[in-house]
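Okay, structure first, notes after.
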């Protein structure tokens, strides 16, 4: 830059530079103005009046007679003319400081001259690159910092939830509008938005250059434009935008202080092309005395302006001569007034009137012998330090520097350009947000303040370009009419959610054209139908994983991703998600397999083994006692040994099984008393047994769900758990539930989940609620859910960062949620399988058929009674049938009429095959005589023992 400036200076130095000085010798303040614009003329008059007022005030207070004069020259925004004027002012007029320069091209040229001459250069250029203060230490920016202003712009964007903005900036070297991008990007990120694109605008734009820049914007989808240029560039920019139809409905334009602060000085024709623009400009709060001083100065400036530029005064009004606000002078002129006062005060303090000296010859380039001489200020460093230390309340507000930077404002004013010129919307400050009054918020201690809100919506209606009252969406389909591309995975883990089918061999134009179906596809279509406009889209399949598309491609190739994608906070650094369209939560699915042995013998569990032994012992003791007391009074209690043992066992159990019947058979009073006490014990035991068994059955049902937990799985040696391949559930299991990574098995698809669970490869699978419902709908008789529901987000659609579609698609998803469409779609998906009802019961925690009592619950009891009956029958066959056979052999009588005497036992009976019976007390033996011609008859003696 230094070599380039030197070459320019060599070309300019021999030229005669004309100028007008307002005073003679001594210390000179060089002012470079643009006398071709109204704002430049106002600045020139304001500087002259500032110098006059300063001289008068110095005489009044008796200050030393320091000759400080103002030397003005016209640069007219041309960097070359600005450099020529700077050389002339320094070398010929002895300028100790230079003031002016609204563009960075001018500032860059003059700052290099000021560095070599050690002359402070005070520039009004709005933006600067971070390195300018190091490169040009004598450059002083008299312009507000950009960080707070960019936060105000971002607050406007965030109020209307626009996700992307395009920035038009003045393409100037060494800073220019590009210097605000870091501030604007940070501020937009804080409100959930981002810069979609940056479009440079030439500092001296031609019609073709403007059409190219604006045409670039029209080709995109973003319709929110932030313009950060000088007012000189903004005028032709908006004129061209109006001709191209970009000031119509659907567009949003936001301008920064360089334009909004100069809106009053623009002519009516320029303002007419900016209808609907929102402006953010500095607001200056002033006390009563300062305000009165400013009003008097404005009146004087207005009077002198009408005197020197009568034609410009009529042209600048735009709204008629009676509108004092629009006739100026405006903020740039007031700031120029205070700047001259500040520099003159610093020169008076440093006595900056000493003569300058010429520098040693400086070669223009290493290979050139041509040299130039630039006068060097003898006390430029001291004057620079004094200028930066100046602080006072002037007509433009608080004037001063903090850490070498011009002090930023504490509040910004929002304006809306509308006929006849603009109207004020309200104010914004970093501390309070938006407010309707300049006093801030009353509830926060502001004097005379009102309400404050984080959104500007409460400030009232805004007139947008095209004059609609509806808030623009901030985006539009591409101008070329191409549809939005919706990515769909070809290999989804659960095909019922997303399925891509390719049709081969049909021979038509649609051969190999895939079809897209599934629950997620249906939800997306339903949401699109709820958009308030015609949404053109096209499904495009991709063969890859969700992570690769989101992390590596950042969704740059697609507008939306539709699939069973999990909403994950870890992915928000790459993409953004819509409102979830499924139930949130993570559940554990386990195989439904009952412990058959444990359930079959559950009837033994109400009493402990010791209790069962005690009951058996006490019952046996009571049976023996009652038998001993009853056998004297009751003949039924007498007989053989086996009969007596049977009676004792029966008495031991009778009190528990049929107490009333057994009590009626007792004859002894003592045995009845003993039985009564045993019956009381039996009632208590039976009641407690029933209650305990009921509790155990209930606990068993609940235990099926609580038996498998995340903690039990972690503590089990070698137990594996499953999750869906490619989802974020695996990371959740490892980082939140603390499962070791080698024990988490990734499974692909519902069939693999089912196989792994049933085969025991994994003890449990962790699935999203929506996926678990589908799995249970298919395999409800084999799988079940258990444990708590872990709080994770559901499934959602994926968008690129800052996508303008996100807000409206999310709103549409909420609408189809609330009207029951998603519920009907989910029911239709699950009803395709026979297990839907049982799966729903299992998901809701109900028992259903899975918990009904069946034979498998009591086969132990049936086994016991079958064993008892079989054992009794076997004993009968072995012992009693054997005795009968032997008795029959001894009783047989042949046809000779011989009869054998029986065994003589009391309980024996003679059975006549002919059917005659003699009762229980029949003789001990019987004879049957067979006559001639009749068959031999066998007599059978049956023992009842």
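Residue numbers (mature numbering (1 follows the signal peptide of the UniProt record, and there is no 0)): -19 to -1, 1 to 926.
Here a beta-carbon is modelled for each residue, glycine too, at the ideal position from N, C-alpha and C.
Close beta carbons around residue i, own chain, < 6 angstroms, minus the five adjacent residues each side
| i | result |
| --- | --- |
| residue -1 | With a pLDDT of only 36 at residue -1, under 50, the local geometry of the prediction cannot be trusted, and the value read off the model is given with reservation. The answer, listed in chain order, is 54. |
| residue 566 | 750, 770 |
| residue 899 | The pLDDT assigned to residue 899 is 39, lower than 50, so where the model puts this residue is not dependable, and the model offers no usable value. |
| residue 123 | 103, 105, 320, 387 |
| residue 11 | 52, 70, 76, 79 |
| residue 17 | 57 |
| residue 205 | 143, 146, 233, 455 |
| residue 949 | This structure leaves residue 949 out entirely; the chain is present only between -19 and 926. |
| residue 117 | 92, 96 |
Contacts around residue i, its chain only, beta-carbon distance under 7 angstroms, and the 5 residues preceding and following it disregarded
| i | result |
| --- | --- |
| residue 707 | 474, 526, 527, 528 |
| residue 183 | 152, 190 |
| residue 385 | 114, 369 |
| residue 500 | 477, 478, 806, 807, 810 |
Residues sharing a beta bridge with residue i, DSSP
| i | result |
| --- | --- |
| residue 713 | In the DSSP output, where bridge partners are listed per residue, residue 713 has none listed. |
| residue 202 | The partner list for residue 202 (beta bridge, DSSP) is empty, contrary to what the question assumes. |
| residue 55 | 14 |
| residue 518 | 465 |
| residue 106 | Bridge partners of residue 106: none, in fact. |
| residue 166 | The partner list for residue 166 (beta bridge, DSSP) is empty, contrary to what the question assumes. |
| residue 707 | For residue 707, which the question treats as bridged, DSSP gives no partner whatsoever. |
| residue 930 | What the structure shows of the chain is the stretch from -19 to 926, and residue 930 is not part of that stretch, so it cannot be assessed. |
| residue 433 | 416 |
Residue i, DSSP secondary structure in three states
| i | result |
| --- | --- |
| residue 331 | helix |
| residue 443 | coil |
| residue 362 | helix |
| residue 230 | coil |
| residue 72 | helix |
| residue 731 | helix |
| residue 291 | helix |
| residue 480 | strand |
| residue 397 | strand |
| residue 720 | coil |
| residue 767 | strand |
| residue 927 | This structure cannot settle anything about residue 927, because the visible part of the chain is limited to -19 through 926. |
| residue 404 | strand |
| residue 209 | strand |
| residue 177 | strand |
| residue 247 | coil |
| residue 799 | helix |
| residue 150 | strand |
| residue 776 | strand |
| residue 523 | strand |
| residue 631 | helix |
Neighbour-count burial assignment, residue i, 16 or more Cβ in a 10 Å radius
| i | result |
| --- | --- |
| residue 186 | buried |
| residue 289 | exposed |
| residue 210 | buried |
| residue 372 | exposed |
| residue 510 | exposed |
| residue 150 | buried |
| residue 519 | exposed |
| residue 469 | buried |
| residue 563 | buried |
| residue 711 | buried |
| residue 713 | buried |
| residue 31 | buried |
| residue 348 | Confidence is the limiting factor: at residue 348 the pLDDT is only 42, short of 50, which leaves the residue's position unreliable, though a coordinate-based value still follows. Label assigned to residue 348: exposed. |
Cut-off 8 angstroms between Cβ atoms - residues of its own chain near residue i, not counting five sequence neighbours on either side
| i | result |
| --- | --- |
| residue 404 | 396, 397 |
| residue 654 | none |
### Message
If contact is defined by three or more beta carbon pairs under 8 angstroms, each pair taking one atom from either stretch, is the region 166 to 175 in contact with the region 129 to 146?
### Response
yes
### Query
Do the region 86 to 98 and the region 62 to 69 meet, that is, are 3 or more Cβ pairs less than 8 angstroms apart?
yes
### Message
With a threshold of 8 angstroms, are at least 3 pairs of Cβ atoms found where one atom belongs to the region 700 to 719 and the other to the region 544 to 556?
### Response
yes
### contact_flag[the region 441 to 457, the region 712 to 731] where n(CB pairs < 8 angstroms) is 3 or more
no
### Message
Under 8 angstroms: do the region 770 to 787 and the region 588 to 603 share three or more Cβ pairs, one atom per stretch?
### Response
no
### Message
Could you check whether the region 594 to 602 touches the region 722 to 732, counting it as contact only if at least three pairs of C-beta atoms, one from each stretch, sit closer than 8 angstroms?
### Response
no
### Message
Check whether the region 532 to 539 and the region 734 to 747 touch, using three or more Cβ-Cβ pairs below 8 angstroms as the test.
### Response
no
### Task
Taking 8 angstroms as the threshold, find out whether the region 234 to 245 comes into contact with the region 265 to 284 through three or more Cβ pairs.
no
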